[in-house]
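The structure under discussion appears below in the form of structure tokens.
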Amino acid sequence: MERRVKHMETVCRETTRSIDGSSARTGFPPFLYVDDKHRLIMCSMPKVGCTNGKRLLYALTGNVDMKKFHNFGSDKQVFAYNRYLPRLSQFSPFGAKLRLETYLKVIVVRHPLERLVSAYRGKLEGKSSTITREAIYIAKGFETNPTPGMLTGKEGVSFQAFIDYLISLDPNKAYNPHWESYIRLCDPCQIHYDVIAKLEFQGTDLNMMLKLIGMDDKLTYRQGDFPASSSAVWKKYFTKISQSDIRKIWQHYELDARLFNFTLDWY
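So this is what it looks like as structure tokens:
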């Protein structure tokens, strides 16, 4: 963990970004959740195990039964409970500064391209498409031969069209949070994270976090199955994407990858 944190700080310095987490400012990302009881700040962002991460936060903050938090609620119910989690952006500048200086700060990450596949599978693939507005936009602008179902948001879009859409985005403007960069969602060069949990090691890493806040005798974070878009699955999606397009999409997430030591060695 120390190596991960030192690596992140080194990359931040090389990119001339601040790593001083003590300086509070306005406009904190909305995915920074605060547990005052256990002096914890966790960045739990979409498509990085955020549903289970929030279940854990609900248990810590006393909003669900600690013994049953693993099985708490559907995804919709977990999302609805967001209102019970304070966000760092809700505190005064003094309150935010105090918490950044004294609380344990945790971020959960995964390989950026794996996260894109997870977002596509969960939000834009086939009839399971749930982000209708973007799906219709992608179908109209990036599908070669869109079906009537695609054009009405009922059939989702192809992965190639999704990649073409991402390549077209202006990296200086905000994206949908499901494929937004870690830089914008969790601000790792402004907030000095003490724990960098990687999704493939989430059981080990988040149980270490529980030990650091003195809750390991009451709670255990299960490793569970590796995420649906595991290494074997998500790489298959990119086998039909040209190396040129992979390099283009990588430019959007290259700093995220450098910060957390993810590479393109696999292709």
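If you count the sequence shown from 1, position 256 lands on 997 in our numbering, and the numbers rise without skipping.
In this text, a Cβ means the ideal position worked out from N, Cα and C, and glycines have one as well.
Item	Value
Top-ranked residue by Cα proximity to K808, from Y825, D958, G863, K952	D958
Exposure label - E755; buried when at least 16 CB within 10 Å	exposed
Reference E855; option with closest CA among A973, R999, L996, K989	A973
Backbone CA spacing between G930 and M749 [nearest angstrom]	According to the sequence shown, residue 930 is Cys rather than Gly. If you take the alpha carbons of C930 and M749, they lie about 8 Å apart.
Secondary structure of D776, DSSP reduced to three states	strand
Contact under 8 Å by Cβ, F772 with C784	yes
Exposed unless 16 or more other CB atoms sit within 10 angstroms - verdict on D1006	exposed
Of the residues V850, T871, Y916, the one placed nearest L940, counting alpha carbons only	V850
Nonlocal neighbours in the same chain, by C-beta distance under 8 Å from Y844, ignoring five residues either side	V775, R780, L781, I782
Where L1000 sits in the DSSP three-state scheme	helix
For V898, the three-state DSSP class (helix, strand or coil)	coil
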